[in-house]
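The next block holds one structure in the form of structure tokens; read it before the comments.
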Amino acid sequence: MAACACWCATLGAGTGCGCGNLAESFVHVIGVPVLVAVLTILFVASFIRSAFGFGEALIAVPLLAFVMPVEVAAPIAALVSITVAAVAIVQDWRHIHFRSAGRLFLATAVGVPLGLWALHALDGHVVKMVLGIVVMAFAGFALTRHRQAALHDDRHAWIFGFGAGVLGGAYGMNGPPLVLYGTLRGWSPQHFRATLQGYFLPASLMTVAGYGLTGLWTRSVTRDYLLALPLVLIATLLGRMLNKRLSGPVFVRCLYVGLVLIGAMLLLQSRGWMGG
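One point on numbering: in the numbering used here, the residue at position 107 of the sequence shown is 222, and numbering is uninterrupted.
This is the structure we're talking about:
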């Protein structure tokens with residue numbers, strides 16, 4: 116009860132201490148249809164992230180942008196990312212390739228400034244179009260090959276981490292290079308999911324810290340996140356169940372199909388047909 120009272124006081128949801136006050140306040144502010152849309156988007160995004168290790172931001176932010184400002188959607192997606200990553204690490208920390216995750220993260224930190232520069236210096240629509248074509252072409256080619264290319268150690272991790280940093284700094288989509296690296300390393304579904312969460316947790320914590328410093332982490336962001344939290348946790352557990360049932364070859368094909376979809380979404384964004 117004390118926790119409920121704290122939430123209500125923090126979020127301005129009313130004077131009562133029932134958890135229902137939070138939902139009632141949210142419905143009053145945005146209405147039932149938008150509430151259902153937000154919760155559905157975050158549930159699906161969290162499930163996909165938990166099952167495959169990536170992809171929730173590419174789903175959540177563009178779709179949430181249809182029902183709320185991007186300045187609200189992006190911090191919510193980052194908080195959800197922290198939640199899914201933290202739960203996954205607690206569940207499966209033994210499957211994390213810590214050396215790989217560390218090298219990828221350090222290289223990402225170096226690449227982010229270049230991405231921030233590109234955000235202001237280059238035509239974002241053109242860059243997204245080119246990136247979408249490249250990602251779709253690579254994934255489509257990989258899907259048609261019977262023998263996949265492979266990396267046998269972490270010597271090239273910095274290339275993929277740096278690329279993730281550039282894309283993350285510029286457009287908040289650092290997933291594609293990480294997915295390519297994980298598939299080329301031949302990680303099992305469990306290692307892939309766990310290792311990427313070992314990368315995403317510190318990266319998302321840095322992102323949320325930045326949102327806090329710039330004033331984008333607001334009460335409404337916290338309110339929306341807390342309301343979605345139970346569904347996010349359920350989706351994370353269900354996603355793990357699916358991940359454990361996927362065989363290696365099926366998982367890799369799912370990853371490449373996911374990259375094709377990411378490339379298609381980038382093309383849609385470059386044409387202004389989707390948020391972002």
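C-beta: ideal position from N, C-alpha, C; glycine also.
Discussion item. Quick check on Gly283: does DSSP put it in helix, strand or coil?
Written reply: Gly283 falls in the helix class under three-state DSSP.
Worksheet item: Expressed to the nearest angstrom, what Euclidean distance is found between the alpha-carbon atoms of Tyr314 and Thr259?
Response: In a straight line, the C-alpha of Tyr314 is about 29 Å away from that of Thr259.
Fill in: Reference Phe213, options Leu316, Val149, Leu282 and Arg334, closest by Cα
Closest option to Phe213, Cα to Cα, is Leu316.
Practice prompt. Could you check what DSSP says for Gly170 in three-state terms: helix, strand or coil?
Written response: DSSP places Gly170 in the coil class of the three-state scheme, outside both helix and strand.
Worksheet item: Near Thr322, what residues of its chain come up, given a Cβ to Cβ distance below 6 Å and the 5 sequence neighbours on each side ignored?
Response: These residues qualify, in order along the chain: Ala193.
Discussion item. Do Leu229 and Ala272 have their beta-carbon atoms positioned less than 8 Å apart in this structure?
Written reply: Ala272 is not a Cβ neighbour of Leu229, given a cutoff of 8 Å.
Discussion item. By the DSSP assignment, the alpha helix (DSSP H) with His235 in it spans what residues?
Written reply: Here the alpha helix (DSSP H) through His235 covers Phe213 to Ala236.
Worksheet item: How should Asp268 be labelled, buried or exposed, when 16 other C-beta atoms within 10 angstroms of its C-beta is the threshold for buried?
Response: The residue is exposed, with fewer than 16 neighbouring Cβ atoms inside 10 Å.
Discussion item. Considering only the alpha carbon of each residue, which of Thr223, Phe158, Val365 and Val205 lies closest to Leu282?
Written reply: Of the listed residues, the one whose Cα sits closest to Leu282 is Thr223.
Discussion item. Quick check: the Cα distance between Val151 and Ala254, rounded to an integer number of angstroms?
Written reply: Cα to Cα, Val151 sits roughly 33 Å from Ala254.
Worksheet item: To the nearest angstrom, how far is it from the Cα of Trp477 to the Cα of Phe169?
Response: Lying outside 116 to 391, the shown extent of the chain, residue 477 is not represented and no answer is given.
Worksheet item: If you draw a straight line from the alpha carbon of Thr333 to that of Gly327, how long is it in whole angstroms?
Response: Whole-angstrom Cα-Cα distance: 8 Å.
Practice prompt. Can you give me the start and stop residues for the alpha helix (DSSP H) that Asn358 sits inside?
Written response: Under the DSSP assignment, Asn358 falls in the alpha helix (DSSP H) whose first and last residues are Arg334 to Arg360.
Item to complete: Measure how close the beta-carbons of Val195 and Ser161 come, nearest whole angstrom, since I'm counting them as under 8 Å.
Response: Indeed they touch by this definition, with Cβ atoms about 6 Å apart.
Worksheet entry | Residue environment, Val294, which counts as buried when at least 16 other CB atoms sit within 10 Å | With at least 16 other beta carbons inside 10 angstroms of its own, Val294 counts as buried.
Worksheet item: Roughly how many angstroms separate the alpha carbons of Thr337 and Ile156, rounded to a whole number?
Response: If I take the Cα positions, the gap works out to 17 Å.
Worksheet item: How is Asp268 classed by DSSP in three states: helix, strand or coil?
Response: Three-state result, Asp268: coil.
Worksheet item: Which of the three DSSP states, helix, strand or coil, is assigned to Val149?
Response: In the structure shown, Val149 sits in a helix (DSSP, three-state: H, G or I).
Fill in: DSSP state of Leu293 mapped onto helix, strand, coil
Correct three-state label for Leu293: helix.
Worksheet item: So what's Ala180 in DSSP terms, helix, strand or just coil?
Response: For Ala180, the secondary structure class from DSSP, reduced to helix, strand or coil, is coil.
Item to complete: Tell me whether Arg368 sits in a helix, a strand or coil according to DSSP, three-state version.
Response: Arg368 carries a helical assignment under DSSP once its states are collapsed to helix, strand and coil.
Worksheet item: Which whole-angstrom value is the C-beta distance of Val199 and Glu171, which I expect to be below 8 Å?
Response: With a beta-carbon spacing of about 7 Å, Val199 and Glu171 fall inside the 8 Å limit used to define contacts.
Worksheet item: What separation, rounded to the nearest whole angstrom, lies between the Cα atoms of Val250 and Phe256?
Response: Approximately 10 Å, taken between the alpha carbons.
Item to complete: Name the two residues that bound the continuous alpha helix (DSSP H) containing Met244.
Response: Gly239 to Thr259 is the span of the alpha helix (DSSP H), which, as asked, contains Met244.
Discussion item. Check this for me: beta carbons of Gly373 and Phe167, under 8 Å apart or not?
Written reply: It is a contact, given that the beta carbons lie within the stated cut-off.
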